[in-house]
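*Asks:*
There are 2 protein chains.
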Amino acid sequence: MLDDLIAAVGADHVVAGDDPSVADLCADEALGVPAGTPSYVVWPGDRDEVAAVVRAARAAGVSLTARGAGTGLSGAATPDDGAVLVAFARMDRILEIDPVDAVAVVQPGVSLADLDAAAGEHGLTYPVHPGETTASLGGTVATNAGGMRAVRYGVTRSHVLGLEAVLADGAVVRTGGKLVKVSSGYDLTQLLVGSEGTLALVTEVTVRLHPRLPVRRTVLAPFPDADALIAAVGRVVSSGLEPAVCEYLDGPTMRAVCAAADLSLGLPEDLVDADHLLVELAGRRQERVDEDAEELADVLGAAGARDVFDLPTGSARRLVEAREKAFWAVKAAGADEIVDLVVPRSSMAAFLSRARAAGDAHGSRVLGCGHAGDGNVHLAVFQPDPGLLEKTLHDVFAAGTALGGAVSGEHGVGRAKAHALAEFGDPVGLDVVRRLRAALDPDGVLNPGCALR
Amino acid sequence: MLDDLIAAVGADHVVAGDDPSVADLCADEALGVPAGTPSYVVWPGDRDEVAAVVRAARAAGVSLTARGAGTGLSGAATPDDGAVLVAFARMDRILEIDPVDAVAVVQPGVSLADLDAAAGEHGLTYPVHPGETTASLGGTVATNAGGMRAVRYGVTRSHVLGLEAVLADGAVVRTGGKLVKVSSGYDLTQLLVGSEGTLALVTEVTVRLHPRLPVRRTVLAPFPDADALIAAVGRVVSSGLEPAVCEYLDGPTMRAVCAAADLSLGLPEDLVDADHLLVELAGRRQERVDEDAEELADVLGAAGARDVFDLPTGSARRLVEAREKAFWAVKAAGADEIVDLVVPRSSMAAFLSRARAAGDAHGSRVLGCGHAGDGNVHLAVFQPDPGLLEKTLHDVFAAGTALGGAVSGEHGVGRAKAHALAEFGDPVGLDVVRRLRAALDPDGVLNPGCALR
Ligand SMILES: Cc1cc2nc3c(=O)[nH]c(=O)nc-3n(C[C@H](O)[C@H](O)[C@H](O)COP(=O)(O)OP(=O)(O)OC[C@H]3O[C@@H](n4cnc5c(N)ncnc54)[C@H](O)[C@@H]3O)c2cc1C
Ligand SMILES: Cc1cc2nc3c(=O)[nH]c(=O)nc-3n(C[C@H](O)[C@H](O)[C@H](O)COP(=O)(O)OP(=O)(O)OC[C@H]3O[C@@H](n4cnc5c(N)ncnc54)[C@H](O)[C@@H]3O)c2cc1C
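Just so you know, the sequences run in chain order Z and X.
Those letters in the first sequence? Residues 75 to 527, per the working numbering, in order.
Those letters in the second sequence? Residues 75 to 527, per the working numbering, in order.
Written out as structure tokens, the structure is:
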């Protein structure tokens, strides 16, 4: 296989998997998934090289795992031992920003930050904005990444218009195009989005861009409890104010986030430990955003907010950024696992209380924040004992799915949540997934350790 | 099989396919697809009856075609001879309008009009609005219907959050839920949307609702030619004005539509035959919509509109409705086929001129209108000679796909466009579709005559 891999990408772009120089590439950011040791790491330079790599591995009976930026939180990019790790770092070109059709065509290794900056030169934005904007387009397509702005713009799935990808047999498929809609047979674009590198390796991505909104206003509203806060979220969403951000942070998370960012908001001390709702409005015209901010304050006040703070631009930006980095803050604080279940928006409060009860039952500490507008709850679980941690997580997944939720809203299944999906997912649906996977990858070469048990 | 079908749905709900009482059910509205003669038409009353019907047909080696309201324009609901036609008319209950989570849960036989009316009682709307609102939720899910409001709200795909469906083996799968986003394995909801009854029969649909916008303003702008009009569409979309409707009508279509609706807009005679752009703005506040209408008029004027008419509410509503019914108008005028290719928005003008040239080359008349904001061009082709009609259509599909387009933007492939998809679709993609279909329906019982050749 080594000869074939070298023939595929060149000797400069193949490194043995146990070489110390690639140690950092052998795991993503998932807290509970140990690094693997791939046979080789390869860096293809274009689509044909990706196809040649796939054929080489397949011929040798070896599996492949794709790696974007490795910021994933589910172990989806963590290679199984012996697999070929396909790193997309060299395929990082923005091929086209088309301001007329408001689309971009990029290679999978392009980062969200670079794409958004390039779009910005045309007054456009790519609004998929998970906490870590070093994430790659290929990785975000494979996880269907969300982030804070999904409440207004939708997740990755809403933005991907077309893909080029290499299938398990090395064939190249092209789906969609610069088309905002299509109804011409099964939507293979949508099937590949969220498939975590198990159906195809993505070699080109066409995404929709949006006009960049110049005006922003951000308010922070502490609530007496999560119930009141979640009820307020429903009212904000149904108000038609179309918030650009609608985030929940519990008191301890707020403290951790502000401390990590060295940010003081000057809140009265008795409010810091409250449950916080952070809402950003964005628009084209200052006077409308100002008017909407007043309406928002009224909605939040009527919904029981203890106060509504209009954040100055600098603090607002820093708080939003600090919230994006909440993962690092809770990781630094010693969190043992992070999960991101999604439940019906109105069930968030019930889920939070059941999740905390699950924590209490097993002596675990459970902190929460989340993309409240989407019903997507991010829980940090502190429990050093592996058995108790597993029990806590089990009960958390049980609570969320019993409320009509799913095991992940945006981080994906990966290796971290495959057992939870197997236990709590729809069994017929899982069987369908297995059949689809077998149809496209009969030998199981694409990320076989990922997503299914 | 008859005994099994009767056992499944009751004798009152099975009729022989050649019974005159069911003649109307044996075709949809596609102009070029002849009616089929099913063996039986059955009307299941619930999910379990659907599953029993599927098992009965499969056991007998007979295929099944689902039928919603039969308003489809691609022959997707037209049964193959001998198939069991599964009519969803009895499964027409709105199970839940949940204003807190802004979702609805409905049976597949519910019409768009009924769902939108029920949502309206809560200040909400289901904005999927193809020209024919008698269309059913099941049918619109299966075709991924679009319509005039897709430019703002997206197509059916953007709204379906969860499904219950019966697979080819009679098993019941549940996908998604009241969840605005999810990343927990392949998105089976999205795979089933647009699958035209070939992967599963949908028995329950969960969709997202939106706040109903109370204020509307509509303008009509005649342009000197399609090039200028299409360039204007790009500017309207990138303006951030978020039009609720953005429609193109050529002069003859405008005449036909107004005549069919007995509508006089009082346009100067020399403008009636121009290329028309119809734009509707919608919002929460009158003063903003008014201000936006002025901005829109400026954008259109700067883009070369010959004039910009602010339509009075009554005429605007009637014109929008008449445009929705354009299909009936051009059908009455004797159109022989209607196609709805989608191309990159900026390529619409090029596509229109190539499509007209194709018409000229074969002596066919080609009229155009379309959801301009989406790049979705609806062409009516007048050509009584079947051979010349086929040649014209062939060249039209060739022109659209050469511009990066697809054979259908919203009507689907069905029986009418299966050959076009086979010729102009991505061959690897078609092979993938075949493998997926075989994986879920190995015996080919679900609508086998549809979508693939
Ligand atoms: C601080 C922090 C905050 C975060 N916040 C959010 C958030 O708010 N919302 C959110 O959704 N996520 C968030 N994440 C998670 C992470 O950013 C996303 O999962 C992101 O999509 C991963 O992108 P990546 O390029 O790092 O992919 P990787 O981690 O490298 O890979 C992810 C998956 O994509 C596959 N893959 C990568 N490239 C390709 C390709 N070319 N073809 C096929 N498959 C490929 C991998 O095999 C793997 O299955 C956060 C992560 C961190 C560290
Ligand atoms: C005047 C007019 C204007 C139109 N304008 C538009 C427009 O602007 N945009 C647009 O997108 N369409 C438009 N259409 C087309 C049509 O309305 C859509 O295709 C609609 O989605 C069809 O819905 P239906 O219930 O009539 O489905 P049918 O025609 O009955 O069936 C369509 C497909 O759905 C399948 N199906 C039906 N029910 C189920 C089920 N329960 N489970 C699985 N599969 C099922 C059928 O097998 C078939 O494949 C128009 C049609 C007319 C007549």
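Glycine is no exception: its CB is placed at the ideal position from the N, C-alpha and C atoms.
Once you ignore the five residues that flank Arg-226 (chain X) on each side, which residues in its own chain have a CB closer than 7 Å to its CB?
*Replies:* Walking along the second sequence from the start, residue 226 (chain X) turns up at place 152. Excluding residues within five positions, the ones whose Cβ falls inside 7 Å are Glu-316, Pro-317 and Ala-318.
*Asks:* Could you tell me if the beta carbon of Ala-540 (chain Z) falls within a distance shorter than 7 Å of some heavy atom in ligand 1?
*Replies:* No information on residue 540 (chain Z) is available, as it lies outside the stretch 75 to 527 that chain Z covers here.
*Asks:* Answer yes or no: does any C-beta atom of chain Z fall closer than 8 Å to that of Glu-484 (chain X)?
*Replies:* Within the second sequence, residue 484 (chain X) is the residue found at index 410, counting from 1. It does: the Cβ of Glu-484 (chain X) has a partner Cβ on chain Z nearer than 8 Å.
*Asks:* Given a cut-off of 8 Å, decide if Gly-268 (chain Z) and Ala-209 (chain Z) are closer than it, judged by their beta-carbon atoms.
*Replies:* By one-based count along the first sequence, residue 209 (chain Z) stands at place 135. By one-based count along the first sequence, residue 268 (chain Z) stands at place 194. Contact flag unset, no.
*Asks:* Looking at C-alpha atoms only, which residue of X:Asp-336, X:Ser-257 and X:Pro-298 is the closest neighbour of Leu-147 (chain Z)?
*Replies:* Start at 1 with the first residue of the first sequence, and residue 147 (chain Z) comes out as number 73. Closest by alpha carbon: X:Ser-257.
*Asks:* Report yes if the C-beta of Thr-263 (chain X) is less than 7 Å from at least one heavy atom of ligand 2; otherwise report no.
*Replies:* The residue you call residue 263 (chain X) lines up with position 189 of the second sequence. Outside the cutoff, so no.
*Asks:* Considering only their Cβ atoms, is the gap separating Gly-220 (chain Z) from Lys-255 (chain X) smaller than 8 Å?
*Replies:* Working through the second sequence from its first residue, we reach residue 255 (chain X) at position 181. Working through the first sequence from its first residue, we reach residue 220 (chain Z) at position 146. For Lys-255 (chain X) and Gly-220 (chain Z), yes; Cβs fall inside 8 Å.
*Asks:* Just how far apart, CA to CA, sit Leu-79 (chain X) and Ile-412 (chain X)?
*Replies:* The residue labelled residue 79 (chain X) in the question sits at position 5 within the second sequence. The residue labelled residue 412 (chain X) in the question sits at position 338 within the second sequence. Approximately 36 Å between the Cα atoms of the pair.
*Asks:* Contact between the region 261–279 of chain X and the region 232–247 of chain X is defined here as three or more beta-carbon pairs at a separation below 8 Å; is this criterion met?
*Replies:* Short answer: they touch.
*Asks:* Can you check DSSP and say which residues form a bridge with Val-210 (chain Z)?
*Replies:* Numbered from its first residue, the first sequence carries residue 210 (chain Z) at position 136. Just to set this straight, residue 210 (chain Z) is Ser in the shown sequence, not Val. Ser-210 (chain Z) is bridged to Z:Ser-185.
*Asks:* List the whole-angstrom C-beta distance separating Arg-291 (chain X) from Gly-197 (chain X), where the pair is believed to meet the contact cut-off of C-beta under 8 Å.
*Replies:* Here residue 291 (chain X) is taken as the residue at index 217 of the second sequence, counted from 1. Here residue 197 (chain X) is taken as the residue at index 123 of the second sequence, counted from 1. Contact doesn't hold; Cβ gap of about 20 Å is too wide.
*Asks:* Closer than 7 Å by beta-carbon distance: list the chain X residues that pair up with Leu-514 (chain Z), in chain order.
*Replies:* One-based indexing of the first sequence puts residue 514 (chain Z) at position 440. Neighbours of Leu-514 (chain Z) on chain X, chain order: Val-506 and Arg-509.
*Asks:* Under 7 Å from any heavy atom of ligand 1, does the C-beta of Asp-102 (chain Z) make it?
*Replies:* Looking up residue 102 (chain Z) in the first sequence gives position 28. Taken from the Cβ of Asp-102 (chain Z), at least one heavy atom of ligand 1 lies inside 7 Å.
*Asks:* Give me the DSSP bridge partner(s) of Tyr-114 (chain Z).
*Replies:* Counting from 1 along the first sequence, the entry for residue 114 (chain Z) is found at position 40. Answer is Z:Ala-90 and Z:Val-158, bridged to Tyr-114 (chain Z).
*Asks:* For the region 209–228 of chain Z, enumerate the residues whose C-beta is nearer than 7 Å to any C-beta of chain X, in chain order.
*Replies:* Thr-217, Asn-218, Gly-220 and Ala-224
*Asks:* Mind pulling the chain Z residues with CB within less than 7 Å of Val-174 (chain X)?
*Replies:* As a working mapping, residue 174 (chain X) is identified with position 100 in the second sequence. Neighbours of Val-174 (chain X) on chain Z, chain order: Gly-308 and Ser-420.
*Asks:* Is the Cβ of Leu-495 (chain Z) closer than 8 Å to any Cβ of chain X?
*Replies:* Position 421 of the first sequence, counting from 1, holds the residue named residue 495 (chain Z). It does; some Cβ of chain X falls within 8 Å.
*Asks:* Is there a Cβ from chain X that is less than 8 Å from the Cβ of Gly-314 (chain Z)?
*Replies:* Along the first sequence, one-based indexing puts residue 314 (chain Z) at 240. Cβ-Cβ to chain X under 8 Å: yes for Gly-314 (chain Z).
*Asks:* Quick one: is Thr-263 (chain Z) buried, meaning 16 or more other Cβ sit within 10 Å of its Cβ, or exposed?
*Replies:* The count along the first sequence starts at 1 and reaches residue 263 (chain Z) at position 189. With 16 or more Cβ atoms within 10 Å of its Cβ, Thr-263 (chain Z) is classed as buried.
*Asks:* Quick check on Pro-118 (chain Z): buried or exposed, where buried means 16 or more other Cβ atoms within 10 Å of its Cβ?
*Replies:* For this step, residue 118 (chain Z) is matched to residue 44 along the first sequence. Burial call: buried.
*Asks:* Could you tell me the boundaries of the alpha helix (DSSP H) in which Pro-460 (chain Z) lies?
*Replies:* Within the first sequence, residue 460 (chain Z) is the residue found at index 386, counting from 1. Pro-460 (chain Z) -> alpha helix (DSSP H) spans 460–476.
*Asks:* Any C-beta of chain Z sitting closer than 8 Å to the C-beta of Gln-264 (chain X)?
*Replies:* If you number the second sequence from 1, residue 264 (chain X) lands on position 190. So, interface residue.
*Asks:* Can you say whether Gln-360 (chain X) is buried or exposed, counting buried as having 16 or more other CB atoms within 10 angstroms of its CB?
*Replies:* Here residue 360 (chain X) is taken as the residue at index 286 of the second sequence, counted from 1. Looking at its Cβ environment, which holds fewer than 16 other Cβ atoms inside 10 Å, Gln-360 (chain X) is exposed.
*Asks:* Which residues in chain Z sit within 9 Å of Gly-523 (chain X), going by Cβ to Cβ distance?
*Replies:* As a first step, residue 523 (chain X) is located in the second sequence; it is residue number 449 there, counting from the start. By Cβ distance, chain Z contributes nothing, its closest Cβ being about 14 Å from Gly-523 (chain X), past 9 Å.
*Asks:* Leaving out five residues on either side along the sequence, give the residues of the same chain with a beta carbon under 7 Å from the beta carbon of Arg-430 (chain Z).
*Replies:* In the first sequence, residue 430 (chain Z) corresponds to position 356, counting from 1. Val-440, listed in sequence order.
*Asks:* Between Ala-377 (chain Z) and Arg-309 (chain Z), which are expected to be in contact by the criterion C-beta below 8 Å, what is the C-beta distance as a whole number of angstroms?
*Replies:* In the first sequence, residue 377 (chain Z) corresponds to position 303, counting from 1. In the first sequence, residue 309 (chain Z) corresponds to position 235, counting from 1. Correct: roughly 5 Å between the Cβ atoms.
*Asks:* Helix, strand or coil for Arg-509 (chain X), going by three-state DSSP, please let me know.
*Replies:* For this step, residue 509 (chain X) is matched to residue 435 along the second sequence. Correct three-state label for Arg-509 (chain X): helix.
*Asks:* Name, please, each residue of chain X whose Cβ falls closer than 9 Å to the Cβ of Arg-248 (chain Z).
*Replies:* Here residue 248 (chain Z) refers to the residue found at position 174 of the first sequence. Within 9 Å Cβ-Cβ: Asp-500, Val-502 and Gly-503.
*Asks:* Alpha carbons only, please: which of X:Cys-332, X:His-436, X:Ile-304 and X:Gly-375 is nearest the one belonging to Leu-426 (chain X)?
*Replies:* The count along the second sequence starts at 1 and reaches residue 426 (chain X) at position 352. Ranking X:Cys-332, X:His-436, X:Ile-304 and X:Gly-375 by Cα distance to Leu-426 (chain X) puts X:Ile-304 first.
*Asks:* Which ranges does the beta strand (DSSP E) cover as unbroken runs of at least 3 residues, wholly within the region 331–406 of chain Z, from first to last along the chain?
*Replies:* 349–357 and 383–385
*Asks:* List the endpoints of the continuous alpha helix (DSSP H) containing His-46 (chain X).
*Replies:* Any question about residue 46 (chain X) goes unanswered here, given that chain X covers just 75 to 527.
*Asks:* For a contact meaning CB atoms closer than 9 Å, what does Asp-261 (chain X) contact in chain Z?
*Replies:* Your numbering for residue 261 (chain X) matches position 187 in the second sequence. Going along chain Z in sequence order, the residues near Asp-261 (chain X) (Cβ under 9 Å) are Asn-218, Arg-231, Gln-264, Leu-265, Val-267, Gly-268 and Ser-269.
*Asks:* With C-beta atoms as the reference, is Thr-199 (chain X) less than 8 Å away from Leu-283 (chain X)?
*Replies:* Here residue 199 (chain X) refers to the residue found at position 125 when the second sequence is read from its first residue. Here residue 283 (chain X) refers to the residue found at position 209 when the second sequence is read from its first residue. Yes, the pair counts as a contact, with Cβ atoms nearer than the cut-off.
*Asks:* Any heavy atom of ligand 2 closer than 7 Å to the CB of Leu-76 (chain X)?
*Replies:* Within the second sequence, residue 76 (chain X) is the residue found at index 2, counting from 1. No, Cβ of Leu-76 (chain X) sits at least 7 Å from all heavy atoms of ligand 2.
*Asks:* Which residue wins for smallest C-alpha separation from Arg-527 (chain X), given the options X:Gly-488, X:Met-75, X:Pro-460 and X:Phe-456?
*Replies:* The sequence position of residue 527 (chain X) within the second sequence is 453, counting from 1. Comparing Cα-Cα distances from Arg-527 (chain X) to each of X:Gly-488, X:Met-75, X:Pro-460 and X:Phe-456, the minimum goes to X:Gly-488.
*Asks:* The beta strand (DSSP E) that contains Glu-321 (chain Z), what's its start and end?
*Replies:* Within the first sequence, residue 321 (chain Z) is the residue found at index 247, counting from 1. First-last of the beta strand (DSSP E) with Glu-321 (chain Z): 319–323.
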